[in-house]
Every structure is written in structure tokens, then in C-alpha cells.
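> Just so you know, we're using full-length UniProt numbering here: the sequence shown kicks off at 1 and counts up by one.
Idealized CB from N, CA, C, for every residue including glycine.
Just passing along the structure, written as C-alpha cells.
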Amino acid sequence: MLGRKQSCSGDPTTIADYGADDPLNEGSEILWTNTRLARLIFRTLSLVSLVSVSLNTPKTFHNYPFLFHVTYAADLSCVFVFTIEMVTKIQSRGFFSSSSGRDKPYIKSRWCQFDAMMLFFILLSVILQSFEMFSLVPRYSPLSMLRAPRPLIMIRFIRVFLKFSMPKARVNQIFKRSSHQIYNVTIFFLFFMSLYGLLGVQFFGEINNHCVRNTITRAEDVTLNDLTIPDSYCNPHDGSGHKCPKGFHCMKLSPLGKVKTGFTGFGEFATSVFTVYQAASQEGWVYIMYRAGDAAQNWKAAFYFTTMIFFLAWMVKNVFIAVITETFNEIRVQFQETWSDRERISSSSSQDPRRQQVLEGDQKAWKLVTVQENTHEGYAPEIFLKILRSPAYHIFVMLITLANAVVTASISFQHTRDQRPREHFFAKQKLLEFGFTLFYDLEVLFKVFCFSFKGYIQRTIHKFEFLLAICTTIHMLPIKGLFLSWISIFQVLRVMRLIKASPMLEDFVYKIFGPGRKLGSLIIFTMCLLVITSSMSMQLFCFLPNLDKFETFPFAFMSMFQILTQEAWPEVMSKTMERVNPRLTFVVAIYFILYHLFVTLIVMSLFVAVILDNLELDEESKKVKQLKVREESSDIKEDLPLRLKVFEKFPERPLMTRLHRIPSDFATPKVRDSFVSKFVYEGDENQEDGEEDGGSTTEPLSHPGAGDGTHLRYRKIGNTSLISSPTRKIQKSSSIKKSSISNILWSVRRSIRGGSQLFHKRGGTYRLNENVKENGFVPGLNSVVNTSARPQNMDIKLLHAKKQQAEMRRNQKEEDLRENHPYFDRPLFAVPRESTFRKVCQAIVNARYDGKLQKEAIGTQLLMILRCFRPLRIFILVPHMRKVVCELCRGFKEIVLVGVLLIVLIFVFANYGVHLFGMKFAACNDASIKERSKCVGIFRANVFVTKMNIEPRPDFPRPGLVVPRVWMNPRRFNFDNIGTSMLALFEVLSFKGWVDLRDVIIAKMGPAYAIYIHMYVFLGSMIGLTLFVGVVIANYRENKGTALLTVDQMRWSDLKKRLKIAQPLHVPPKPENSRFQAFIYDIIQHLYFKRFIAILVLTNSFLLCVKWKEEDDAPDRINLAPNGTVIPELDDTNKTTLRDRLSTASSALTICFVIEVFMKMIAFTPYGYWQSRRNRGDLL
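Written out as C-alpha cells, the structure reads:
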């Protein structure tokens, strides 16, 4: 894969909508089924068939009876045309063997098999509908499940967009590697699921103990009026857990069945895994944790669920994101012909010279400029063009746009007693909006006058402005009910023009949404997936009684979209499971879990991968950037910062002492490096130094770097004489600096041998590590070598080494300044010890110890709140944590840009929500009252007791409270003004509460207006929030130094890391001195023995699928004494037998494992056995 382009040669494989194996050559004979018109007809009929099956539900036919015959006629047409197509292809290809020898037979072509299967299901649907028409079968029967595979025909409609040209071997290799990675992550996920499923069974068991009244003796007699308010779980035994209040006792309600009590719990392994997956989706997991804590022990529930959320919800999800991102990057590189490059100059410039772009720039920057951008094609004089392109004009338009956004957001509705209409609250804004609309219409006319309409409409931004002008003009027409209706979205979208006010924000938006082919393709894929799964679910569950989630296609689509967003998705699943046959509940659970697993882990990871790919550079751009960085690597800054460079201007005042004794009388102290550097001479390499002080000698500096024309010698002072002033000092500091840098680079090239870390710091000094390069070869980037011998890919680690060298030199300069300047780098050196400022700071610090100041100085106490930030000092103490925080803060600019985009999105939808729903959600809390004038007095409101499906007593009402009637907005949100609207949408942005908002919108405005909230959730949550993840990952890669690595380079780097991690198995050799040991060694190393041990491990795990401590459950029947005392009667015979059997089996398995340990110790010896970590774990 790494650069082996010769192995990828071959004929390209093209997948088309008429089959992957159809002839594409111009000279070959093309059947009529492969013509453009025929393929268009087939795709149209595929779409018709999809619409037909989406309308084929009992509820739809009940509302619109004529659709029954319309769908029947459409299906007949599809069957007729697709049958003709199948017969024609069979005649051309042959059924079992190819008649021409050029094409595959019909039965062996996968696309033909798919088409035949879709034709079969359509024909089956027609036959079923014919039987329903003649009343041979009931219309509302489970036989409608036979239509469930029909929505897959949409694949035939969209497979025309799956054309790509690539060798078949490369395609198989890509999908094989991708599927292998996803398979490994899936196994990793299933391991944690099984582990926590088994732990849940042993920790909690069946969580079904509830507090009921003492008068209830059987679980079958429990009603809604016999439970506590709210319903509470309990622990029947002494110890931790919740205890029932006085008048209630703990009873097991399992005899009521799971349909009434719920499907969650840890009674057996399957139910435990189901509960674990539901909790791992972070939807309602806290309620399950509290139930487990009440029914068992609190510490078990806290430990179990916190670790489960960490491993399953956070770690495994991020692993999926990493795998999908890597796979997507590889596919993107391989399919570059399918996905156009982000910054590629349009190749169609020869056809349209007006849009041809060239690179122009100066010393500061380069940019793409349209060749004929400044061409005057309109009717206006040149002075008008200058005005149009002037900055003052753009600033004026931006200010008008900002004023329009403020006026639009100033609409506020209020619920008054006199019941004023909605028009009363936006009368002034309507007049101002008329003026803004007139201004933007004049702006469009002015630009058309300057550019001509043909030149004006070519730019995308002008098309957007023209659309806004037309639609807002229609919005202002004097038609009743048109203002502040659904068309007001165009009035709200004017605020998007403010994005051009910030070039940084505009470039960021273009980087994300500019290359819209990948993101648009992913959105289309998601919509197609939702349509297919919605239609299939509708056909599977539309016949279930009292289930409105899948009655029609819109409701089925909203339910599947709700599962996609993970908001209250267990509610959709549990309601469906309650209404199907009890023997099919497991199948329904598997269906919804597989769909949820796919859309939440794979589809959402694809969004992160696409956004991250848009933030990165293309492969060619990365190579260009690498060359540019290689050229700039020699100019790494070595200067000190300005605050330290100031001290270089001050005279040096080193603290020196006069020696009164000769150095031989005592040990010579350590001499500063800055002081020794004064004894460096400049001279010839072979020059003999005749003048020496006290027998001192000089030696020439001998190293490869000394041959550059600068000859240096260091003067060495003997130990028997005083230090004296040198006779010759440095005259050329630049030569010294150049030679020193050359020396350091030469030593680095000589020391580099491989490894991931270049320098080790010990005792305040830096030591070169001999393990820098993994491949053992380092090119000399700064030395004068042959440039053709350099590798094409830059070594990132060598660049880091040069940066560390520059840091060393800066640190050395800083040490020199610190030695020679007593007040170096001390910000408070100018503040005297007895100054007022120091006293104020001391008083603030000591304020917490003075009782009088604590009562009087409130401001001082507020300053003391800053003590809460003291734990942040851990970032200084832990270098790795500080590194992560620094990398996060370095990407603060991109995070702010993402935040600005989300704020703009919230503002647009909030403003639009005020226009649509302002003053329309308010209602009386008594559902029977529809008018505000009658919303007075009190009424009895039912209260929530439990989620169990338990009915109240026949002679008793449901539990409730008497409350006053109030005219108010429903729930906790409203759209009466921009503030409350933005707050409600911000809550929706976190995937919480949007289902309640959707239900209110449907109840008050109708199902059509639910598009508003679904569109916002899709754009804000699925695209907007994933931008944060993409930005953080992109900044991490950039700071780590891997942002410029291509996919092949990253793969090669990962391969080297894996080779380092890979360790050989420490298996002791076969003993040769003892035959018995050799015999045991052969047994334990045999494949059958290993498989036998694996089967024993699985059997031992299988024993944990059932809880052993059955006595933890409460009784489901009790006896009452005459005085009302509860007398439980428990029969432990069967439970004891179960525990005895489990204990016997576990003991036998434990004996087998002990025998295995002894056999390995005999074969390996105890010392050899202990060397393996795996053996240590088995022994433990």
C-alpha cells in the first residue's frame, strides 16, 4: 500500500446503475435496457415503488381511501416494466451460463440478483393487496410485514451515484482492511458488553422489588393506587438499600410480567446485556443506577455504572470515531477521482473565461483572483463600480444588516388579559421591515445596473442575495396571514450576510461547507438511510394496535430520527415491545439495538470524519507544506523574548571575588560558562601559542565543524596559577555563533541513531539521546550535501530536534543574563519591601484569618473566591496534563469560530421560531378548557406514579392533586421572545428536551411544522456539535506535529510504533533433561489442549449468567397475621438446589484450572511460569 503504484495497475472497475458487469465500450452492442432513457425510466419507477410502499399503511388508507387504488396501480406498473427488463437481460446474458462469453450470467450478477429480489417482493405485495381488495385476507393483518424489504429498492435509485474507477483488487483490499478494523472494535465492544452483563447479573439480579401497601398479599392484586408516589424500589433485607415507609412492605412484582413491569433488569444474561446497552447509550442510565442502588447496595451501583459509562459510553465510542476517521481518510485518498479536491482550480476555465482564476500576490500573501473580475460589463459608469467596491459601501451594508437583525429580534409577544392579537406586537417592526426590504431590493437593482444581470447572477453570494430579495418582497405583500408565516425564514436569513464581515470566519465557513460534495453526500446517505429504515419499520409495526409511532410514514420517520439522536429512544423501543407478541420481543429489541448501534457509532463517526477531513489539507498540499517547512527550518528563531532582551542593553555586572590564595591550596569552584566564553581566541588551527600564563596550554578545537573558515581555540587555565585576563579577546561574535551552531548540528547528526525522544534532561543539563530515528538514517538538512539524496518526505522528528536545539540556545542566553543581572526576570524588583502595594496584597491574603474583616470586607471575600482555582496548579505539577490543556487552548481560535457559528444558527432558528410560534403555545393546564376566559377555578390533575403499565382500581380514580387553572406556556419553553426562544433551542442543542418540543409543536401547529425542529436538530446537533470534535482533533494533530503527514506517512509511522510495542511471547523452551516435563510440555502446547481450556473458560462464564443469591429478592406472596403483621413464607428448596448445582459445576471447573496451573509449572518450572504476565493473571 505504501507507494506501490505498480501493483495497482489494472482495468478500472466501474459500478453503474445498470450493473457492474455491463459493457461500457463504445464498440460493444448496448441493450435497450442500458440506454439513458431506459435507465431513467427504471430509476423513476424505483422511486414510485418506494413512495407506494411508504403510503401502504392502514392509517393512511383510512385517511385517504383513494390511495389504496393508486398504490395498487403503481405497483402493477413497476411489476410490468421490471419483468420486461429481467426477461431482456436473461435473453442477453443467459440465466445460468453466459451466451456471449463476455458478460456474467444473470444468476451470477449481484446487481441482477438484487433487481430480481426487489421484483419478487413487489409482485408479492401486489398479490397481497389483491387478496385484501377481494377480502380474502384482512387488510390490517401481520401479513404486511412481507412488504418490509421493498424500501431497499431505493438502492437502485441511488446506485447511479456510486460510479468509481479503481482496480478491483484495490477495492477489495480497502474494504477488507476497513472491515477488519471495524470487526476488531466490535469485538472490543462486545467484550465489555458481556463483562458488564455478567457483573450486573451477579451484583443486582432482577430489580423488581417495589413498595406496596400492607393490605396487598399477592403481586397480581397490585394496582396503581397501592404504590408509593412516586413508585420506589426497595431492598427486603437488612443492610443498605431503600426501605419502605410505614404502612408499606417490599414485594416482588415479577408475576405481573415484563410487559407491565418493564424490560430492564439484571435477572438473566440476555436482559442484563439489554439493560447495559440501554444504559451505555447515556439515555436514562441514572434512573437505572438509582433503581439498582435502592434494590441492592449503593456502592455497587455507583461503581458499576460509573465504570460502565467510562468504558462503554466514552472510550468505545471514541475508538469507533478514530477507526472510522482513519478508514475514511484512506478511502478519500484512494477515491480522489470521485471526490474533487477542496482547493483545486476549476479545469473548466477554458469554457467560461469569466470564471478563470489565477494566483496573484506580493511579499505578504497570495490569493486567487478572477481574471476578468474587474471587467466592466454593466450599464453604470465607472464611478458606480468604485462605490460598489469601496470598503465604506460594504460597511454601510453590514450596518444595515445588523440593524435589520436587531429589529427582527425585537419582536416580543405578551399574554395579556385583554387578549390582544399577534399583529399588535409587531406593528412597528412591520413598518421598519418594509423599509429594509426596499433597501435590499434597491441594492440588487444597483448591482445588476453595475454588473449586468448575467454578470451579477454568476456569483454564488449574489444568487443568495437575489433569492432573499425576491422572497422577502413576497413576504411583505399585503396579504393577510403572509407576514410572520413560514416564508419569513428568508427575512431571518439576512443575518447570514454578516459572516462576510469577518474574513477569518468566512474562510472557516468555506473550509467546512465549501467542499460540499463530501458533506452533502453524507447528508444524502443519512436521509436515504432514514427513509429506508422508516419504511421498513412502518411495514413491520403499522398493524400493531394503540401504537402511533409507526402508523404513517411521517410518524415512522420521526421515530427513527428520534432514535438517531438518542433522545428517549428506549421509549420507542419499549412501546413497540409491549404491543408485539411476547415471543417476538427479543427480535424487536435486536432490531432497534442494531439500528441504534449503526447510526450512533458509524453514522455519527462519519460526520466527525468528514468534518475533520475538511479541516485538513489535501495530500498534495501537505507535501507542498512539508517542502516549505523544510526550507524554513533553518530559520528557527533563537532570540529571547522582548521582556528578556531588555537586559542585554544593561551593562553586565557579574558578582566576582578576588582570590588571595593560589588555586592549588583549595578546590577551584565552578566557573560560569559565560565567564569561560571570554577566553575563546580567534586564530589559525595550527598556530602555536607562545605566551602562556602560568604554564597554561592551548589546544585547537578539532571537530568537523571547524573547517568552515573560522578557527577557534579554547584557552585552558592551569590549576597552579591565578586566573588572569586573556591577552586576546573575541572580535567577531557572529563567527563564534555560526561555529557554535555548526558544532551542535554536527554533534546531533553524529549522535542520532533512532528513537522518539532526542534530549534527556538530567541535573539541569541536556544530554543527546542516541535513539532518534527508527530507520537509522538521518539526512543532514543544514549541511552542504547533495539535495537529490534527500528523502522526499520531511522527517518531523528532526525538525523537532532543531527546535529543541534552538530552545537550548535560548536557555543558555537566559542563564548568562541571569548570572550577570541580579534582578533578571523579576517583575516586582521595583516594588520596595515596605511599599503600600505589598501591604495591600498582604492584607488581602490574610483577610480570611481576621474575623472582623470577614464580616465587613465583602469585596475581600469575593477575592478569596479565587482560591478555588488553586487546584489548577496540578497542571503545572503534571507535565502531560499541562500538555493536553495547552493543546486545547492553542485551538481556542477555531473553537471560538465554531461557537460563533452555533450562536448564529441558534439566533436564526430562534428568530424564525418567534415568527412562527410566538403566542401560539399558551393554553390552559386543564386540557378540557380551550378558551382563556374559562380558564379559572380549580381542577383535579393526575400525578405521575410509575412507568409500569399498571391500571388503577376500578372503584378508585387515578392518584392526583387539586390545582388551580392557569393559562400558561406548556412545559418549560416558549417562543414569545428571542431570549426564551434561544434558551429553548440551546437546550435542544444538547439532544435533551427536543422530543417534548416536537410533540408540543405537532399538537399546536400540526405535523408539517415538525420539520422546523427536525431541521434544527440535524444542523445544530449532528453537524454543529461535531465541529467541536473535529476542531479539537485537528488542533491536537497540528500541535503534535502530524498535521502535515500524508495518509501513507501516518500509516508508516503507526506501523513503526506497532513494531515497537510488539513483543515476542516469552515461552520457555522445551525441557530436554526430563522426559516427564517434555511430555507435559507437549500436552499444554497442543492446540486441542488450548481449545479445551478455552471451552472451560466459556463454560465458567456461562455459569455466571444466572444469579446465585436468589434470596435477595422479595417474596411475591405474603401472609398477614391477625394483628396485621407480615408473615413471609419462603420455599428455598428449589433455590438451594440451584445454588448447589452451580457450586458443584464451578468447583469442578476450578479444579481443572488448578490442574492446568500445576501442569504449566511442571513444564515451564515455577520460575519460567512466573515470567509470563498471562500466567500471573491465571494464577491470580
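1) Exposed or buried, residue 142, counting other C-beta atoms within 10 Å across all chains shown (16 or more means buried)?
2) Over what stretch of residues does the beta strand (DSSP E) that includes residue 542 continue unbroken?
3) What did DSSP end up calling residue 1181 once you bin it into helix, strand or coil?
4) If you drop the 5 nearest sequence neighbours on each side, which residues of the same chain put their C-beta closer than 7 Å to that of residue 1091?
5) Please say whether residue 566 and residue 600 have beta carbons closer to each other than 8 Å?
6) To the nearest angstrom, how far is it from the Cα of residue 560 to the Cα of residue 1019?
7) Closest by CA to residue 139, which one among 537, 60 and 1099?
8) On the CB-based measure, 16 or more other CB atoms within 10 Å of its CB, does residue 242 come out buried or exposed?
9) Can you tell me whether DSSP reads residue 136 as helix, strand or coil?
10) Quick one: Cα of residue 263 to Cα of residue 201, how far?
11) May I ask you to report which of helix, strand or coil DSSP gives residue 204?
12) Of the residues 605, 576 and 604, which one's Cα is nearest the Cα of residue 591?
13) Between residue 1182 and residue 541, what straight-line distance do the alpha-carbon atoms span, to the nearest angstrom?
14) For residue 209, write down the residues that DSSP places opposite it in a beta bridge.
15) State the DSSP-derived secondary structure class of residue 612, mapped to helix, strand or coil.
16) Can you give the Cα-Cα distance for residue 952 and residue 58, rounded to whole angstroms?
17) So the beta strand (DSSP E) residue 939 belongs to, where does it begin and stop?
18) Report buried or exposed for residue 153, applying the criterion of at least 16 other Cβ atoms within 10 angstroms of its Cβ.
19) Suppose the cutoff is 7 Å on Cβ atoms and the five residues either side in sequence are ignored; what does the same chain contact list for residue 876 look like?
20) Could you spell out the range, first to last residue, of the alpha helix (DSSP H) harbouring residue 70?
21) Does the count of Cβ pairs from the stretch 305–312 and the stretch 275–291 closer than 8 Å reach three?
22) Take residue 889 as the anchor and find which of 934, 1035 and 119 has the nearest alpha-carbon.
23) Could you work out which residue in 424, 467, 425 and 434 is closest to residue 444 when comparing CA atoms only?
24) Evaluate contact between the stretch 892–911 and the stretch 940–956, counting only Cβ atoms and requiring at least three cross-stretch pairs below 8 Å.
25) With the cut-off set at 8 Å, would you say residue 147 and residue 53 are in Cβ contact?
26) Just how far apart, CA to CA, sit residue 572 and residue 464?
27) Reducing DSSP to helix, strand and coil, say where residue 440 ends up.
28) Less than 8 Å between the CB atoms is what I'm expecting for residue 261 and residue 209, so what's the real figure, rounded?
29) Under the DSSP definition of a beta bridge, which residues are partnered with residue 960?
30) Report the residue from 929, 913 and 1071 whose alpha carbon sits nearest the alpha carbon of residue 489.
31) Where do the N-terminal and C-terminal ends of the alpha helix (DSSP H) with residue 63 fall, by residue?
32) To the nearest angstrom, how far is the alpha carbon of residue 584 from that of residue 1105?
33) Would you identify the three-state DSSP class for residue 379, choosing helix, strand or coil?
34) Give the DSSP bridge partners of residue 968, in chain order.
35) Identify the residues that DSSP records as bridge partners of residue 227: which are they?
36) So, using beta-carbon positions, are residue 213 and residue 231 closer together than 8 Å?
Checking against the coordinates, here is how it stands:
1) exposed
2) From DSSP, residue 542 is part of no beta strand (DSSP E); its letter is neither H nor E.
3) Because residue 1181 is not part of the residues shown, which for the chain are 1 to 1180, the question remains open.
4) Hits under 7 Å: none found.
5) Yes. Within cutoff.
6) Distance between the alpha carbons of residue 560 and residue 1019: 17 Å.
7) Of the listed residues, the one whose Cα sits closest to residue 139 is 60.
8) buried
9) coil
10) 14 Å
11) Three-state result, residue 204: coil.
12) The closest CA to that of residue 591, considering only 605, 576 and 604, is found on 576.
13) No answer is possible for residue 1182: it lies beyond the span of the chain, which begins at 1 and ends at 1180.
14) 252
15) helix
16) Going by the C-alpha atoms only, they are around 32 Å apart.
17) 938–942
18) buried
19) 882
20) 67–93
21) yes
22) 1035
23) Residue 467 is the option with its Cα nearest to residue 444.
24) no
25) yes
26) 40 Å
27) helix
28) So it is not a contact: roughly 11 Å between Cβ atoms.
29) 942
30) Closest by alpha carbon: 913.
31) 58–63
32) 22 Å
33) coil
34) Under DSSP, residue 968 shares a beta bridge with 923.
35) 212
36) no
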